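Take a look at the structure set out below.
Residue numbers (this note's numbering), protein chains in the order written: chain B, 1 to 303; chain X, 304 to 562.
Below, the structure written as structure tokens:
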């Protein structure tokens, strides 16, 4: 029986958060999209929306700049490359972890999973700082590596302030995002499929590559999207651990807003970044859906 | 039971080592009697002592605490409302707006809020940071509350309504007590997210306002001393405690196998 209160009750309960998010999320996003078509102000920020002649001042100049000045396209592609490498390394490291947790006894699973999630809840900057210590020039790792290099007559290499440092930390920070969806998928696999394969004489590798891995693809794609999107926009890691050549798209955006104060161009870069991230995530979801193999993997991809 | 191969154990052990060794190093060196984070010299609590006499750090901690308390209180109320509304009604716009701040790159939210506040001539500071934090915390609270509602027995509400309770009374006396662990877990999560946030705070704080993550950032950009290790250790302890309490209250937070 439908109650009449339900109709306005919906807005009474859902209304306040809706209004808050419209004001502090939707409106700022739309203002930024609009800003990308405006002219930069003489002293930073934005020029007036309506110019002295009373004409609306909207143009595609900042977009044209992104597509004509190749340095920005290069930095953007470099960022995509870093994000893809991060995704790949995360997948390689996360897979054994997820398999182990999924096959552990029920009483250990939540603990093992919690142990993967906890580092994610420690402060982002602390996790970057930790790598500053580990890779520092006076730390044991750098001395060991350079000791070996010296033995082969090679010049010492700096570990900190390098692409290597940026990549290691990107993988470190995003690893939990890959483990969770992979585990959620693997945990639902039907053990009897593997038993059947074994009875039919499939060895461990055949069982993995022909059963476990194809079934886990929805989890792989979900994890890839969860890693790729945040990795693409990161600026703090290259800022702290990278060398002068490791500036990524996030660093350029930060620079446009806080140093150059060219808001329209900064907005263009932010929009390009978001569109690229969402397109690739949608692609991952689409490929994931196309690769569904069994009803159990359908379920897993929803989790 | 099939035997798990040794290689799998080793690979997983390496994975856990990779996750924890960096954090352990930060903690260990916070007790190290040396300015360099390079080798162990001797035990000291000197860096903690320095920390508690560092005025900039204390101001930053106070700011973080104030922002965290306000942001978690407001986002818990709004997030709970959103969670209840989404559980009862298919509100597509609300569901999109609740999830979008979590799904898009953080930097986009930071810069769009910066433009927004500056164009409105809103002074950047504690208030703008708190308003920004509420925006991304609502979604996390809503998800936790909704998950809790999904596990609730609908019949209890129906029974209360049939006995003549108004929707508000039924919510106040039946629904709210039942979802309370979820609400508290959501509040703790929101507080943790707020106190840890760097990217969005970085863009919305303006020049004069410093929070703990911003203070840590400027310290590691300029001069690294083990004082950073000390503040990091304390912050990790706080987060760890909050998250473990939250996971006790709302186990679904750490179980991905719902439905």
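Just so you know, even glycine gets a beta-carbon here, dropped at the ideal spot from N, CA and C.
What you are looking at is a predicted structure, and each value in this text was computed from that prediction instead of being measured.
Whose C-beta lies closer than 7 Å to the C-beta of residue 58 of chain B among residues of the same chain, with five residues either side of it excluded?
Once the five neighbours on either side are set aside, the close Cβ partners of residue 58 of chain B are 37 and 38.
Is any beta-carbon of chain X found at less than 8 Å from that of residue 138 of chain B?
At least one chain X Cβ lies under 8 Å of residue 138 of chain B.
Beta-carbon proximity of residue 249 of chain B to residue 79 of chain B, cut-off 8 Å:
Taking 8 Å as the cut-off, the Cβ atoms of residue 249 of chain B and residue 79 of chain B count as close.
Find out if the Cβ-Cβ distance for the pair residue 168 of chain B, residue 90 of chain B is shorter than 8 Å.
Cβ atoms of residue 168 of chain B and residue 90 of chain B: not closer than 8 Å.
Would residue 459 of chain X count as contacting chain B if we go by Cβ distances under 8 Å?
Taking Cβ atoms only, chain B never reaches closer than 8 Å to residue 459 of chain X, which makes this a no.
Just to confirm the assignment, what range does the alpha helix (DSSP H) spanning residue 440 of chain X have?
Residue 440 of chain X -> alpha helix (DSSP H) spans 429 to 453.
Going by the CB atoms, is the gap between residue 382 of chain X and residue 445 of chain X shorter than 8 Å?
Going by beta carbons, residue 445 of chain X and residue 382 of chain X fall inside the 8 Å limit.
State the CB to CB distance for the pair residue 536 of chain X and residue 344 of chain X, rounded to an integer number of angstroms; the pair is presumed to be in contact (CB under 8 Å).
Not quite, the Cβ-Cβ distance comes to about 18 Å (not below 8 Å), so this is no contact.
When DSSP labels each residue in this structure, what does residue 357 of chain X get in the three-state scheme?
Residue 357 of chain X: coil per DSSP, three-state reduction.
Chain-order list of residues whose beta-carbon lies under 7 Å from that of residue 113 of chain B (same chain, five-residue window excluded)
Counting only residues of its own chain and dropping the five nearest sequence neighbours on each side, residue 113 of chain B has a CB closer than 7 Å to the CB of 101 and 183.
Measure the CB-CB distance between residue 415 of chain X and residue 28 of chain B and report whether it falls below 8 Å.
Contact annotation: residue 415 of chain X and residue 28 of chain B have beta-carbon atoms nearer than 8 Å.
For residue 87 of chain B and residue 227 of chain B, believed in contact at Cβ under 8 Å, the rounded distance:
Right, their Cβ atoms sit about 5 Å apart.
Any C-beta of chain X sitting closer than 8 Å to the C-beta of residue 10 of chain B?
Closer than 8 Å to some Cβ of chain X, the Cβ of residue 10 of chain B qualifies, so yes.
Quick one: Cα of residue 347 of chain B to Cα of residue 217 of chain B, how far?
Because chain B spans 1 through 303 in this model, residue 347 of chain B falls outside it and cannot be assessed.
Rank B/128, B/176 and B/215 by C-alpha distance to the C-alpha of residue 318 of chain X and give the top, closest one.
The option with the nearest alpha carbon to residue 318 of chain X is B/176.
Buried or exposed for residue 367 of chain X, going by 16 or more other Cβ atoms inside 10 Å?
With 16 or more other Cβ atoms from the protein chains shown falling within 10 Å of its own Cβ, residue 367 of chain X counts as buried.
Own chain, CB closer than 7 Å to residue 486 of chain X, minus 5 neighbours either side, in chain order
In chain order, 379, 383 and 448 place their CB closer than 7 Å to the CB of residue 486 of chain X, counting only its own chain and leaving out the 5 sequence neighbours on each side.
When the Cα atoms are used, what is the spatial distance from residue 313 of chain X to residue 439 of chain X?
The C-alpha of residue 439 of chain X is placed about 38 Å away from the C-alpha of residue 313 of chain X.
May I ask you to report which of helix, strand or coil DSSP gives residue 161 of chain B?
Residue state, collapsed to three classes: coil.
With residue 371 of chain X and residue 501 of chain X assumed to form a contact (beta carbons below 8 Å), what rounded beta-carbon distance in angstroms separates them?
With a Cβ gap of about 14 Å, residue 371 of chain X and residue 501 of chain X do not count as contacting.
Please classify residue 246 of chain B: does DSSP put it in a helix, a strand, or coil?
Three-state DSSP puts residue 246 of chain B in a helix.
For residue 100 of chain B, name the three-state secondary structure that DSSP assigns.
The answer is helix: DSSP assigns residue 100 of chain B an H, G or I state.
Along the chain, where does the alpha helix (DSSP H) containing residue 130 of chain B start, and where does it finish?
Residue 130 of chain B -> alpha helix (DSSP H) spans 124 to 135.
Determine the chain B residues that contact residue 523 of chain X at a beta-carbon separation under 9 Å, and present them in chain order.
Per Cβ cutoff of 9 Å: 125, 128, 129, 132 and 240.
Based on the DSSP output, what are the partners of residue 346 of chain X in its beta bridges?
X/335.
According to DSSP, is residue 51 of chain B helix, strand or coil?
Coil at residue 51 of chain B, not helix or strand.
Through-space distance from residue 518 of chain X to residue 359 of chain X, alpha-carbon basis:
Rounded to the nearest angstrom, the two C-alpha atoms are 8 Å apart.
What are the boundary residues of the alpha helix (DSSP H) that includes residue 496 of chain X?
Here the alpha helix (DSSP H) through residue 496 of chain X covers 479 to 499.
Measure the C-alpha to C-alpha separation of residue 68 of chain B and residue 244 of chain B and round it to an integer number of angstroms.
If you take the alpha carbons of residue 68 of chain B and residue 244 of chain B, they lie about 23 Å apart.
Should residue 495 of chain X be flagged as near chain B, meaning a C-beta pair shorter than 8 Å?
Yes, residue 495 of chain X lies at the interface with chain B (some Cβ there is under 8 Å from its Cβ).
Decide if the stretch 398 to 414 of chain X is in contact with the stretch 462 to 469 of chain X; the criterion is three or more beta carbon pairs, one per stretch, under 8 Å apart.
Note that the stretch 398 to 414 of chain X does not touch the stretch 462 to 469 of chain X; fewer than 3 beta-carbon pairs, one per stretch, sit closer than 8 Å.
Please report how far the alpha carbon of residue 488 of chain X lies from the alpha carbon of residue 541 of chain X, in whole angstroms.
If I take the Cα positions, the gap works out to 15 Å.
Output yes if chain X places a C-beta closer than 8 Å to the C-beta of residue 116 of chain B; else output no.
Yes, residue 116 of chain B lies at the interface with chain X (some Cβ there is under 8 Å from its Cβ).
Can you list the residues of chain X that residue 274 of chain B reaches, using a CB-CB cut of under 8 Å?
Here the neighbours are 407, 408 and 411.
At the 8 Å Cβ level, is residue 192 of chain B part of the contact set with chain X, yes or no?
No, residue 192 of chain B lies away from the interface with chain X (no Cβ there is under 8 Å from its Cβ).
Which residues in the same chain as residue 538 of chain X place their Cβ atom closer than 7 Å to its Cβ, once the five residues preceding and following it in sequence are excluded?
Here the set comprises 515.
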